[in-house]
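Trainee: The structure's right below; bear with me while I get my questions together.
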Amino acid sequence: MAVNFFGQFLVELGIVTSDALVDAINLQDKNNLRFGEMAAAMGLVTPADIQRAHSAQMSRDMKLGNLLVEMGILTPAQRDNVVVRQKNTHLYIGEALVQNGALTSEALQKHLDEFNAGQARYISNGIELPIASASNHVWEMTADLTRKMITRVLALPFHPGTCTLTTNIAPNFMLAAMDLSGDVEARYFLSVSEGLQKSVARAILGEESVEYEPAEVLEDTVMEFANIVCGNVAAKASQMGVIINITPPVTVHLPKKGLPVPDGHTALSFPIYFVGGDTMEMILLIKN
Amino acid sequence: MKKVLVVDDSLSVARQLAKIIAESGDFLYIGHAKNGAEAIKMNHTEDPEIICMDMNMPGMDGLTALRTLSAMDTEVKVVMVTSLGGVGDKFTEAIKLGAKNVISKPFEAGNVLRILREL
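Chains as they are written, first to last, in the working numbering: chain A, 6 to 293; chain B, 1254 to 1372.
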């Protein structure tokens, strides 16, 4: 099991059909009011207030509730009350399936327990970062999931090194890169030696030997591993309320002197030491 | 045997899925498209019964291709196979657009075959 959400888990295992899930999502959409809708239902704002705030949001990167406070339409206490009411009346996907008759309450609890047990392997362990930023929890999770996927997908024994700040991204046999955008902006790099590339290829292709594989296929396996990690990072981030979009992976060829970290960016290096002496480096080039 | 088309920009994923499908004995692997546009073309020329499709691809992505296939009113059943399966919004969009299931990467052969057999 990868990083999932509960609805996907139920459909993937054939416990509910995709049609039943769509019906439950539609019920959620009707029941779970967005901030503006809830504030209006509580009589705190008018449709005209919401329209003014939405117009202001076009040029301001702020949540609607905070913007309504800044515009003097809501007090901070009223904003918090709206959020509390949203939480208290939130209909979860499992509850929606029960209400629609697609699941019994007993089955819901049983499958929820199974789901939580499967997801427990992706609970983040603490990682110390040498920077203080509001997104540290996202970068810690990214590093942690990279390590967990090395165990889960590559099945290679390793021990993680200490995260350090770096001013230059060093060249290596190959680097796979993916861009992360949305609530955070960064480039994710996986830097591997020739030997490690073959280890990744053996694991991804499920072959004992990759000696005769074309270079294109060997490179692709490292890019695919980066893709699996970053997709699961996006999924975990969405559980944390952080939106991350990813682009398809690419191979990056650096000059011999490496790539100096550009102005306005911070680069974090996470070395990963493998049995046998190979080292993988995961680098996050973060836009400040 | 049901004919299966694989759509993924990754050569290694296409190889993994082709192997799982071909060795199952229940399905016929008919080929590999590298993006959504190729998938739509091959859906027309190869007439698959099942498409296993990635979401995150250069050129036309998987959700755009799924939207196009749904609009074309074909009989083909689409299963998304993606590292983004756990992203709630992406999953919901795929299911609402008519995907029969969404398999997250990393996937297991047994899970993929069980889902394909249930279609």
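We put the CB at the ideal spot given by N, CA and C, even for glycine.
Is L180 (chain A) near Y193 (chain A), with beta carbons less than 7 Å apart?
Mentor: Not closer than 7 Å, so no.
Trainee: Can you check whether the C-beta of A208 (chain A) is within less than 7 Å of a C-beta belonging to chain B?
Mentor: No, no contact with chain B.
Trainee: Roughly how many angstroms lie between the CA atoms of A25 (chain A) and I251 (chain A), to the nearest whole one?
Mentor: Roughly 29 Å separates the two Cα atoms.
Trainee: Per DSSP, what kind of secondary structure is C1305 (chain B) in: helix, strand or coil?
Mentor: Three-state result, C1305 (chain B): strand.
Trainee: What is the C-beta distance between M1254 (chain B) and D1279 (chain B), in whole angstroms, given that I count them as a contact (C-beta under 8 Å)?
Mentor: Rounded, the Cβ-Cβ distance is 6 Å, consistent with contact.
Trainee: By a C-beta neighbour count over all protein chains shown, 10 Å radius and 16 as the cutoff for buried, is Q56 (chain A) buried or exposed?
Mentor: Classification of Q56 (chain A): exposed, given that the 10 Å Cβ count is below 16.
Trainee: Show which residues of chain B have a CB atom less than 8 Å away from the CB atom of C235 (chain A).
Mentor: Within 8 Å Cβ-Cβ: S1336.
Trainee: What are the start and end residues of the alpha helix (DSSP H) that includes G1284 (chain B)?
Mentor: Run containing G1284 (chain B): none in the alpha helix (DSSP H); it sits in the beta strand (DSSP E), 1280-1286.
Trainee: Would you say L26 (chain A) lies against chain B (beta-carbon separation less than 7 Å)?
Mentor: It does: the Cβ of L26 (chain A) has a partner Cβ on chain B nearer than 7 Å.
Trainee: Does F1245 (chain B) come within less than 7 Å of chain A when only Cβ atoms are used?
Mentor: Here chain B comprises residues numbered 1254 to 1372, so residue 1245 (chain B) is not present and cannot be evaluated.
Trainee: Quick one: is S23 (chain A) near chain B, going by C-beta distance under 7 Å?
Mentor: Closer than 7 Å to some Cβ of chain B, the Cβ of S23 (chain A) qualifies, so yes.
Trainee: Is it a yes or a no for the stretch 1286-1305 of chain B touching the stretch 1336-1345 of chain B, going by three-plus beta-carbon pairs under 8 Å?
Mentor: With a cut-off of 8 Å, the stretch 1336-1345 of chain B and the stretch 1286-1305 of chain B do not count as touching, because too few Cβ pairs lie within range.
Trainee: Grab me the residues of R207 (chain A)'s own chain with a C-beta within less than 8 Å of its C-beta, minus the 5 sequence neighbours each way, in chain order.
Mentor: Excluding sequence neighbours, R207 (chain A) sits near E213, S214, V215.
Trainee: How would you list, in chain order, the residues of chain B whose beta-carbon sits under 8 Å from the beta-carbon of M228 (chain A)?
Mentor: Ordered by position in chain B, the residues that pass the 8 Å Cβ test against M228 (chain A) are S1263.
Trainee: Identify the contact partners of I1303 (chain B) in chain A, using a Cβ-Cβ distance below 9 Å as the criterion.
Mentor: The contacting residues do not exist; I1303 (chain B) stays about 14 Å from chain A at best.
Trainee: Output the boundary residues of the beta strand (DSSP E) element that contains L185 (chain A).
Mentor: That run of the beta strand (DSSP E) goes 179-187.
Trainee: Please state the DSSP three-state secondary structure of E229 (chain A).
Mentor: Looking at E229 (chain A) - three-state DSSP - the assignment turns out to be helix.
Trainee: Say whether chain A places a C-beta atom closer than 7 Å to the C-beta of N1390 (chain B).
Mentor: Shown here, chain B extends from 1254 to 1372; a query on residue 1390 (chain B) therefore has no answer.
Trainee: Would T109 (chain A) be called buried (16 or more neighbouring beta carbons within 10 Å of its own) or exposed?
Mentor: That one is exposed.
Trainee: Considering N86 (chain A), what are the terminal residues of the alpha helix (DSSP H) in which it resides?
Mentor: Element bounds for N86 (chain A): 81-93.
Trainee: Please say whether P219 (chain A) and L170 (chain A) have beta carbons closer to each other than 7 Å?
Mentor: Cβ atoms of L170 (chain A) and P219 (chain A): not closer than 7 Å.
Trainee: What is the rounded straight-line gap between the Cα of Y278 (chain A) and the Cα of Q202 (chain A)?
Mentor: Looking at the two C-alpha atoms, the distance is approximately 14 Å.
Trainee: Using CA atoms only, rank isn't needed, just tell me which of A:F40, A:N177, A:Q244, A:N237 is closest to I288 (chain A).
Mentor: The candidate whose alpha carbon is nearest that of I288 (chain A) is A:N177.
Trainee: Would you mind working out which of A:N31, A:N237, A:L49, A:S64 sits nearest R152 (chain A), comparing C-alpha positions?
Mentor: Of the candidates A:N31, A:N237, A:L49, A:S64, the one whose C-alpha sits nearest the C-alpha of R152 (chain A) is A:N237.
Trainee: Which residues of the stretch 163-193 of chain A have a Cβ closer than 7 Å to any Cβ of chain B? Give them in chain order.
Mentor: Listed by position along the chain: nothing, the set is empty.
Trainee: What would DSSP say about V1259 (chain B), mapped onto helix, strand or coil?
Mentor: It is a strand residue.
Trainee: Does the beta carbon of Q13 (chain A) come closer than 7 Å to any beta carbon on chain B?
Mentor: Yes, Q13 (chain A) counts as interfacial toward chain B.
Trainee: Between the C-alpha atoms of A82 (chain A) and P253 (chain A), what's the straight-line distance to the nearest angstrom?
Mentor: Looking at the two C-alpha atoms, the distance is approximately 43 Å.
Trainee: Below 7 Å on C-beta distance, what does P253 (chain A) contact in chain B?
Mentor: What P253 (chain A) touches in chain B: D1262, N1309, M1310, P1311.
Trainee: Determine the burial state of G41 (chain A): buried for a count of at least 16 other Cβ atoms within 10 Å of its Cβ, exposed for fewer.
Mentor: With 16 or more other Cβ atoms within 10 Å, it is buried.
Trainee: Are the CB atoms of L79 (chain A) and N37 (chain A) within a distance shorter than 7 Å?
Mentor: Their beta carbons are not under 7 Å apart, which means N37 (chain A) does not touch L79 (chain A) by this criterion.
Trainee: Which residues in chain B have a C-beta closer than 8 Å to the C-beta of N232 (chain A)? List them in chain order.
Mentor: Here the neighbours are S1263, N1309, S1336, K1358.
Trainee: Comparing alpha-carbon positions, which option in A:E190, A:Q114, A:L161 lies nearest S138 (chain A)?
Mentor: Nearest C-alpha to S138 (chain A): A:E190.
Trainee: Throw me the rounded Cβ distance for the I98 (chain A) and G200 (chain A) pair, which I believe falls under 8 Å.
Mentor: Contact flag wrong, Cβ pair sits at about 45 Å.
Trainee: Any idea if R64 (chain A) is buried or exposed, counting beta-carbon neighbours within 10 angstroms, 16 or more meaning buried?
Mentor: Checking the displayed sequence, the identity of residue 64 (chain A) turns out to be Ser instead of Arg. S64 (chain A) comes out exposed.
Trainee: Closer than 7 Å by beta-carbon distance: list the chain A residues that pair up with K1353 (chain B), in chain order.
Mentor: Result: S23.
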